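K.L.:
Going line by line, the protein sequences match chains A and B. Quick note on the working numbering: the first sequence kicks off at 38 and runs consecutively. Quick note on the working numbering: the second sequence kicks off at 38 and runs consecutively. Don't be surprised by glycine CBs; every beta carbon is placed ideally from N, CA and C. As the structure is a prediction and not an experimental result, all values here were calculated from the model. Sharing a structure, written as structure tokens. Questions coming.
2 protein chains.
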Amino acid sequence: MYERKILPNLNCGLDLIGEVLYGKWKIRLLWFINEGHKRQSELQRKIPDATRRVLNIQLKEMEDHELITRKIYPVVPPKVEYDLTEFGKTLIPVIATLGNWGDKNEERLRTVILKRLKSESE
Amino acid sequence: MYERKILPNLNCGLDLIGEVLYGKWKIRLLWFINEGHKRQSELQRKIPDATRRVLNIQLKEMEDHELITRKIYPVVPPKVEYDLTEFGKTLIPVIATLGNWGDKNEERLRTVILKRLKSESE
DNA sequence: ACAATAGGGGATAAATTTATCCCTATCTGA
DNA sequence: TCAGATAGGGATAAATTTATCCCCTATTGT
Numbered sequence: 038m039y040e041r042k043i044l045p046n047l048n049c050g051l052d053l054i055g056e057v058l059y060g061k062w063k064i065r066l067l068w069f070i071n072e073g074h075k076r077q078s079e080l081q082r083k084i085p086d087a088t089r090r091v092l093n094i095q096l097k098e099m100e101d102h103e104l105i106t107r108k109i110y111p112v113v114p115p116k117v118e119y120d121l122t123e124f125g126k127t128l129i130p131v132i133a134t135l136g137n138w139g140d141k142n143e144e145r146l147r148t149v150i151l152k153r154l155k156s157e158s159e
Numbered sequence: 038m039y040e041r042k043i044l045p046n047l048n049c050g051l052d053l054i055g056e057v058l059y060g061k062w063k064i065r066l067l068w069f070i071n072e073g074h075k076r077q078s079e080l081q082r083k084i085p086d087a088t089r090r091v092l093n094i095q096l097k098e099m100e101d102h103e104l105i106t107r108k109i110y111p112v113v114p115p116k117v118e119y120d121l122t123e124f125g126k127t128l129i130p131v132i133a134t135l136g137n138w139g140d141k142n143e144e145r146l147r148t149v150i151l152k153r154l155k156s157e158s159e
């Protein structure tokens with residue numbers, strides 16, 4: 038496992054929430070788990086751009102951060118279900134706030150983001 | 038300048054807001070600019086862990102994304118002021134939501150984050 | 001027998017982001 | 001005259017995160 042060389046700042050609330058939400062797919066994972074997609078394979082179908090490997094890693098991190106639980110059913114083929122913890126559930130309105138801002142400004146955001154991408158490639 | 042090889046997803050609001058807020062120091066920069074710290078040197082004093090270079094880069098990105106403006110005063114030594122645009126100002130409540138969640142759960146977050154960091158280094 | 005399904009995880013490469021280092025310019029004050 | 005403040009930015013290294021590839025377990029269906 039990769040071991041950090043530079044310790045993160047944990048000074049204020051923004052640092053702290055950043056530490057648990059940073060990760061390309063984490064927010065989406067929380068969202069879909071909240072919607073009831075509990076199994077790894079379901080989540081992967083919902084997020085086809087991510088590889089299984091990365092999803093596992095990010096799910097494990099969120100489990101360590103007590104945002105989700107991982108229940109293993111002792112059956113074959115294996116079955117595992119992820120659920121939000123009570124703590125994790127409190128993040129849902131926060132994520133909704135982010136998503137709403139993005140949705141509300143969708144057109145403008147798409148425009149400025151694409152403009153910058155184009156200018157980079159010149 | 039670095040040119041992306043993998044294009045970002047821009048499907049939903051969460052993708053879009055992620056695209057403009059990702060960056061180690063961006064949220065803090067927006068916050069401090071909103072508090073009235075307009076000059077690069079002030080911002081740097083507020084965020085001493087970041088180098089001048091990175092702050093410049095992230096400020097430039099946010100300018101391209103129309104979250105902030107950059108006003109140059111033709112004086113010597115140079116003077117430049119950053120301000121939030123009207124668009125940028127609409128992000129402040131969103132950032133406040135993030136910070137509040139982090140503050141409210143400060144103790145627990147610090148605990149789980151540090152626990153994970155320790156287990157990584159074993 | 002073989003593919004598909006379900007979930008895990010190691011090893012390594014590639015992509016991306018941050019950090020370091022160094023150089024530019026001009027004025028002010030010691 | 002030299003240090004310090006102010007702002008910008010190139011080149012490169014280091015850190016970090018994601019992606020790729022490959023292998024393992026055991027059952028069910030073809």
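What residue from A:R153, A:K141, A:L47 has the CA that sits closest to G50 (chain B)'s CA?
P.N.:
Of the listed residues, the one whose Cα sits closest to G50 (chain B) is A:K141.
K.L.:
Over what stretch of residues does the beta strand (DSSP E) that includes V113 (chain B) continue unbroken?
P.N.:
Looking at the DSSP string, V113 (chain B) is not in any beta strand (DSSP E), and its letter there is neither H nor E.
K.L.:
Is R90 (chain B) close to chain A, meaning its C-beta is less than 8 Å from at least one C-beta of that chain?
P.N.:
no
K.L.:
Within the same chain, show all residues whose beta-carbon is closer than 7 Å to that of W62 (chain B), passing over the 5 residues directly before and after it, in chain order.
P.N.:
Hits under 7 Å: I84, A87, V91, L92, Q95.
K.L.:
With distances taken between CB atoms, is the gap from P153 (chain A) to D101 (chain B) smaller than 8 Å?
P.N.:
Looking at the sequence itself, residue 153 (chain A) is Arg, so the reference to Pro does not match. The answer is yes: Cβ separation under 8 Å.
K.L.:
Out of B:E56, B:I105, B:L146, B:W138, which one is the CA nearest neighbour of L66 (chain B)?
P.N.:
B:I105
K.L.:
Give the interface partners of G125 (chain B) over in chain A, defined as CB-CB distance under 8 Å, in chain order.
P.N.:
None at all; the shortest Cβ gap to chain A is about 11 Å.
K.L.:
Can you name the start and end residues of the alpha helix (DSSP H) that M99 (chain A) belongs to?
P.N.:
Counting along the chain, the alpha helix (DSSP H) containing M99 (chain A) begins and ends at 89–101.
K.L.:
Name the chain B residues whose beta carbon is nearer than 7 Å to that of T134 (chain A)?
P.N.:
V131, T134
K.L.:
DSSP three-state label for T148 (chain B), please.
P.N.:
Helix, per DSSP.
K.L.:
Please list the partners that D101 (chain A) has in chain B, where partner means a Cβ-to-Cβ separation under 8 Å.
P.N.:
Under the 8 Å cutoff, chain B gives V149, K152, R153, S156.
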